[in-house]
Amino acid sequence: MNRLDASDWFARRHIGPSPGERDRMLEAVGAASLEALMDQAIPHAIRVARPLNLPPAESEHQYLRRLVTVARKNKTFRSYIGLGYHETITPSVIHRMVMENPGWYTPYTPYQAEIAQGRLESLL
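Throughout the sequence shown, residue numbering follows the working numbering, covering -1 to 122 in sequence.
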């Protein structure tokens, strides 16, 4: 299993900026370093001064294993959504203007020539 952990593809999948790109970005915003950028962007009043109590870093494989372990604790329950549905009477104006109007269920909008053609046909 340790051989599989060594083939962590995350680092190879992640494409971060190169040092040269990072320097150009810092120059563009007028900061000498990432720390200087943080000083410019994040007010000292909202920074956390004490070290964060974070767990040690994990590889992607270790995290996925832990995620699967937690996900297996989920229980599947019967869904009761919609079981209290009772048929209702929809007013005809709602039915005609909403249910039968394709503007509510299709993104298609007729353009001017089609509208004009329809107007001509209705006049005949």
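Every residue, glycine too, gets a C-beta built ideally from N, C-alpha and C.
Coil, strand or helix - residue i by DSSP
i: Thr88; result: coil
i: Glu19; result: helix
i: His42; result: helix
i: Met(-1); result: Caution applies to Met(-1), whose pLDDT of 48 falls short of 50 and renders its modelled position unreliable; the value that the coordinates give is listed next. Coil, per DSSP.
i: Glu98; result: coil
i: Tyr61; result: helix
i: Ala29; result: coil
Cβ pair residue i, residue j closer than 9 angstroms
i: Ala29; j: Leu35; result: yes
i: Gln38; j: Val46; result: no
Whole-number beta carbon distance between residue j and residue i, since they are thought to touch under 8 angstroms
i: Met23; j: Pro17; result: The pair is not a contact, with the Cβ atoms about 11 angstroms apart (cut-off 8 angstroms).
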